[in-house]
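Comments concern the structure below.
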Amino acid sequence: MVTRMTQRRVLITGVGRGLGRRLAELLVDQGDRVWGTNRSGDAPGGLQGMLVMEMRDEASVAAGVAAIAAQTDGIDLLINCAGTDARAFGASPTERGPFDLDADTFNAVMEVNTTGPMLVTKHLLPLLRAGEDAMIVNVSSQLASMALAQTMGADTVYNVSKAALNMLSLKTAAALRDDGIGVVMIHPGWVQTDMGGPSAALTIDESARAIVDTVESLSMGDSGRFIRWDGTDHPW
Ligand SMILES: NC(=O)c1ccc[n+]([C@@H]2O[C@H](COP(=O)([O-])OP(=O)(O)OC[C@H]3O[C@@H](n4cnc5c(N)ncnc54)[C@H](OP(=O)(O)O)[C@@H]3O)[C@@H](O)[C@H]2O)c1
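Note that our numbering numbers the sequence shown so that position 144 is 132, with each residue one more than the last.
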């Protein structure tokens, strides 16, 4: 990890546990000013602020962003990290195929993984426009990949929601290019979080440190890229 000369103003969603929590800890250690969102109130130390944000509720997202706007006039880095899969809404761990899910379960995952990042970005736009070299990092997944998902992924709506997040990211990148705001999609690896499980290939720390290094090197030329945690291109 690098030692930064300048302090970035960062918002990370989902800092209560998993990848979002470790990313927040590392960026705080690096000297950045970090705001985090969570639903439970649990937060890593050293944050500038902790906002309670439910990704499925636009009023909650808007209120969280308004609270940040009362404390800073710009955000330089947004990491949309909060995410879920159908198990969180009662789907059986072994039955999440295209014919197993009811509409409420399907729509709930779409709301968290796709609509949520759209809402956070939309409400944060004035602060991002006031940021320096602002960058949006949408935490996607290899399961968003059309090339890979034909043979990978047990949770259909998770695949769909992350593929839709990638399309949202591309449209956002195009819409914000003239503002000088970049957007990238990052597959964090298969990570030992509650979602990834204990057999996953990477520890949370390994994934988060690699992502921090990769994000450090990003510039507008990277906007619209789908990359892995280590900065290499991910196939679409
Ligand atoms: N782990 C992997 O192998 C893997 C692989 C590819 C991509 N990803 C992506 O990486 C990101 C982080 O996942 P993780 O592995 O760290 O998972 P995790 O440990 O299950 O953490 C999920 C995070 O998302 C938040 N969240 C879930 N539903 C939410 C909602 N409705 N509103 C607001 N926040 C919500 C959680 O907050 P609460 O604590 O309040 O529930 C928690 O902070 C996700 O976008 C995930 O899709 C993970």
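We put the beta carbon where it would ideally sit given N, CA and C, even for glycine.
Sequence-distant partners of L190 (beyond 5 residues in either direction) whose C-beta falls short of 6 Å from its own C-beta, in its chain, are G177 and V179. Only residues of its own chain outside the window of five on either side were considered, and among them none has a CB closer than 6 Å to the CB of D121. H175 sits in a strand when the DSSP states are folded into three classes. Comparing alpha carbon positions, the residue from V49, G33, E99 and P32 closest to V40 is V49.
CA-CA distance, N126 to P105, rounds to 7 Å.
Remark: the shortest separation between the CB of A74 and any heavy atom of ligand 1 does not fall under 6 Å. Residue R(-3) holds the alpha-carbon nearest to the alpha-carbon of L35 among R(-3), T72, D64 and G71. Taking a cut-off of 8 Å on C-beta distances, the segment 134 to 143 does not touch the segment 159 to 168, as fewer than three cross pairs fall below it. By the beta-carbon neighbour count (other beta carbons within 10 angstroms, threshold 16), G78 is exposed.
When the Cα atoms are used, F87 and A74 turn out to be separated by approximately 13 Å. N126 has its Cβ no nearer than 6 Å to any heavy atom of ligand 1. Distances from the CB of E42 to the heavy atoms of ligand 1 include at least one below 6 Å. Around the beta carbon of D17, fewer than 16 other beta carbons lie within 10 angstroms, which makes this residue exposed. Rounded to the nearest whole angstrom, the C-alpha separation of S187 and A58 is 42 Å.
The segment 86 to 118 contains no complete beta strand (DSSP E) run of 3 or more residues.
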